[in-house]
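Below is one structure; the comments refer to it alone.
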Amino acid sequence: MKIVVFAPHPDDEIYGCGGSILKWMDEGHEVHIIYVTDNRVLISWGRTHDQLIEEKAKPYSKLNEDQIAKIGLKEAEDVARSIGFPKRNIHLFKFHDQGALNRIDEGVNLASNIIKDANRIVCPSDNNNHVDHQATHIIAKKSALILGLNQIEFYVYAIYNVLKVSMEKQIKIDMARYRDRLYDIMGLYKTQLCLKDSSIGRETLKRRRKERFGVFHLEDANKFYNF
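Residue numbering for the sequence shown is 36 to 262, as defined by this note's numbering.
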């Protein structure tokens, strides 16, 4: 099975479906990862929103956004390799952080070449409070609609909003055996861990037992809160 995972930012793959990715790889599936944005405003956003851990952020405090983006994408590639993605399965769109909604058409064109023969798409939920997460959902769904991938299944994860899914439309994946490894891998995201919420979130990985997804097909599009 070919599975394509959409991550709006580097680290969303960890919190959204990291354990499931490791499980799918162990099962022998061909898994691809798409990083949509570059995390360039991570430090400035963190400082503006009182999220920055200043001591951890010292190495990056004098860098400009282009330099932060270069580091963020390098961390994403390092994490992806640590997870087990071969280089050919790592895809970087390099859209500016907080700006993906302005590049939907470009995202659809890029994504179409990757998902055209996929069996499963894993992406963030619709009705998302974060602009880049919402843009990523639109890109994933729109590219599948244009290609007419009616049989493809969508595994939808929620990070910034609530997963409102009836029992028959959801699946829970046991990933407890992977949580320690996932915790260690998250440690490679040095820039992300400059944020308070990311640092706290990493600790929750130690306790995570299951990952929950809404499961949809294109016939479900726009009929559900999360899809």
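Glycine included, each C-beta is placed from N, C-alpha and C at the ideal position.
Small disclaimer: the values here were computed from a predicted structure and weren't measured.
Nearest-angstrom Cα separation, counted from residue j out to residue i
i    : j    : result
L77  : I103 : 8 Å
Y50  : S233 : 9 Å
K3   : I56  : In the structure as shown, the chain begins at 36 and stops at 262. Residue 3 is therefore absent and cannot be evaluated.
D140 : K129 : 14 Å
Y192 : Y224 : 21 Å
R266 : Q205 : Residue numbering for the chain in the displayed model covers 36 to 262; residue 266 lies beyond these limits and cannot be assessed.
C52  : A92  : 26 Å
L253 : K176 : 8 Å
S117 : A256 : 34 Å
K105 : L98  : 11 Å
H131 : R242 : 33 Å
E90  : E188 : 43 Å
E65  : S79  : 36 Å
P159 : H165 : 10 Å
P94  : D219 : 21 Å
L127 : A115 : 11 Å
C-beta atoms of residue i and residue j nearer than 8 Å
i    : j    : result
A179 : I150 : yes
D113 : A135 : no
L217 : L240 : yes
Q86  : L228 : no
M60  : N154 : no
N124 : I194 : no
E110 : T226 : yes
V39  : I156 : yes
For residue i, the first and last residue of its enclosing alpha helix (DSSP H)
i    : result
A146 : I139 to I150
Q169 : V166 to L182
D101 : E100 to I118
K58  : D47 to D61
R214 : R214 to M221
K91  : E89 to A92
E238 : K231 to T239
N-terminal and C-terminal residue of the beta strand (DSSP E) that residue i is part of
i    : result
Y70  : E65 to T72
L127 : I125 to F130
K37  : K37 to A42
K258 : Where K258 is concerned, there is no enclosing beta strand (DSSP E), given that its DSSP letter is neither H nor E.
G249 : K245 to F251
Contact belief for residue i with residue j at Cβ below 8 Å, rounded distance in angstroms
i    : j    : result
I174 : A211 : Rounded, the Cβ-Cβ distance is 31 Å, inconsistent with contact.
N163 : Y260 : With a Cβ gap of about 11 Å, N163 and Y260 do not count as contacting.
Y213 : G54  : 4 Å
Three or more C-beta pairs below 8 Å linking the region 37 to 44 and the region 56 to 76: Verdict: yes, contact present.
Contact between the region 195 to 204 and the region 231 to 246 (3+ Cβ pairs under 8 Å): Output reads no: the region 231 to 246 does not touch the region 195 to 204.
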